[in-house]
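Under the working numbering, the letters of the sequence shown match residues 11 to 281, in that order. We put the CB at the ideal spot given by N, CA and C, even for glycine. Here is the structure we will look at.
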Amino acid sequence: MSLLTSRPALVVGRTWLTADIVSFWIRETILARTVDPGQFLGVRPGLGPDPMLRRPLSVADVAGNRLRLIFQVRGRGTEMLARAKPGDYLDVLGPLGKPAPPLDQYRLVVCAGGVGAAPLLYYVRRMKKRRHTQVFLGARSKERLILVDEFQRTGVPVMVATDDGSAGYHGTVTELLVNRIRVQDPEGTGKKYGAQQTGGVKRLVVLACGPKPMLAELVCRLAPFPVWGYIEERMGCGTGICYCCALPRRDGGYTRFCQEGPVVLLNEVIL
Numbered sequence: 011m012s013l014l015t016s017r018p019a020l021v022v023g024r025t026w027l028t029a030d031i032v033s034f035w036i037r038e039t040i041l042a043r044t045v046d047p048g049q050f051l052g053v054r055p056g057l058g059p060d061p062m063l064r065r066p067l068s069v070a071d072v073a074g075n076r077l078r079l080i081f082q083v084r085g086r087g088t089e090m091l092a093r094a095k096p097g098d099y100l101d102v103l104g105p106l107g108k109p110a111p112p113l114d115q116y117r118l119v120v121c122a123g124g125v126g127a128a129p130l131l132y133y134v135r136r137m138k139k140r141r142h143t144q145v146f147l148g149a150r151s152k153e154r155l156i157l158v159d160e161f162q163r164t165g166v167p168v169m170v171a172t173d174d175g176s177a178g179y180h181g182t183v184t185e186l187l188v189n190r191i192r193v194q195d196p197e198g199t200g201k202k203y204g205a206q207q208t209g210g211v212k213r214l215v216v217l218a219c220g221p222k223p224m225l226a227e228l229v230c231r232l233a234p235f236p237v238w239g240y241i242e243e244r245m246g247c248g249t250g251i252c253y254c255c256a257l258p259r260r261d262g263g264y265t266r267f268c269q270e271g272p273v274v275l276l277n278e279v280i281l
């Protein structure tokens with residue numbers, strides 16, 4: 011049986027993390043064995059033909075034969091998905107996309123905005139080396155921060171920013187991250203982290219997930235550091251056929267995030 015055959019997955023747990031962000035645990039043994047950080051599932055909102063398209067959901071964690079999906083309710087499809095309860099079945103397709111690149115050989119900075127923290131948790135938990143990793147989490151307010159405790163339990167330093175100052179740094183997570191690097195590298199050349207040289211220096215690399223404006227700002231303000239990121243584009247088929255999720259590349263052509271991603275080197279695309 012092909013891995014890209016849709017299959018039923020039993021809902022075994024549901025928890026609301028905020029008023030509009032929900033965490034599901036589903037049980038599906040084959041997917042749990044095969045999915046890697048960065049890959050996603052196409053989940054059908056209902057059993058009928060409406061809505062027709064599946065919703066692309068990143069995998070936030072795997073435990074045994076269970077997978078964790080965390081998503082924000084943004085429209086009718088995700089609202090329908092959020093109504094599922096333990097004992098219900100979801101129709102899932104996957105794993106889709108490519109695994110995220112292994113970056114634990116670098117000095118890694120993980121940066122998330124809002125629900126973007128979800129796929130990054132699975133990535134950090136699966137890393138073989140976390141010694142040189144820092145995590146930055148941001149949200150509009152304390153009530154909208156998610157997964158802070160779970161990132162802390164992985165053993166990596168976690169810094170928090172909120173737009174309204176109700177927790178951590180008062181400002182955006184992008185500002186916090188840029189200021190932090192600027193303090194450690196006041197000349198802004200990147201030489202301290204090997205951005206322009208290698209010998210004996212551990213290169214700094216950023217892995218991010220969040221709203222597209224946040225990702226664009228990270229790429230712009232952190233140059234010359236490489237910024238890898240999860241893109242949350244609208245996807246039609248999720249298999250590379252429809253080009254619905256394609257963005258232009260700086261060197262010409264297009265990148266389909268469902269096929270070449272969803273984790274890509276953001277410096278190479280036009281956001």
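Contact annotation: the stretch 59 to 70 touches the stretch 42 to 50, with at least three C-beta pairs closer than 8 Å. Between A171 and V183 a beta carbon distance of about 4 Å is seen, short of the 8 Å cut, so the two are scored as contacting. Relative to M245, the option among R266, D101, L214 whose CA is nearest is R266. Under the three-state reduction of DSSP, A149 is assigned to strand. Shown here, A177 sits in coil according to DSSP, grouped into three states, outside any helix or strand. In this structure, M169 and G181 do not form a Cβ contact; the two beta carbons are roughly 12 Å apart against a cut-off of 8 Å. Of the candidates C121, A73, G87, the residue whose Cα lies closest to the Cα of M62 is G87. Under the DSSP assignment, L106 falls in the beta strand (DSSP E) whose first and last residues are 99 to 106. Inclusion of L157 and I80 in the CB contact set at 9 Å is warranted, their separation being smaller than that value. Between V193 and V166, the C-beta spacing is not below 9 Å. Taking C-beta separations shorter than 7 Å and ignoring five residues to either side along the sequence, the partners of V22 in its chain run W35, I36, R37, R76, P96, following chain order.
With at least 16 other beta carbons inside 10 angstroms of its own, T143 counts as buried.
Of the candidates C247, G248, I251, N277, N277 places its Cα closest to the Cα of P258. Shown here, P258 sits in a strand according to DSSP, grouped into three states. Using a Cβ-Cβ distance cut-off of 8 Å, the stretch 211 to 220 and the stretch 26 to 33 are not in contact, since fewer than three pairs of beta carbons, one from each stretch, lie closer than that value.
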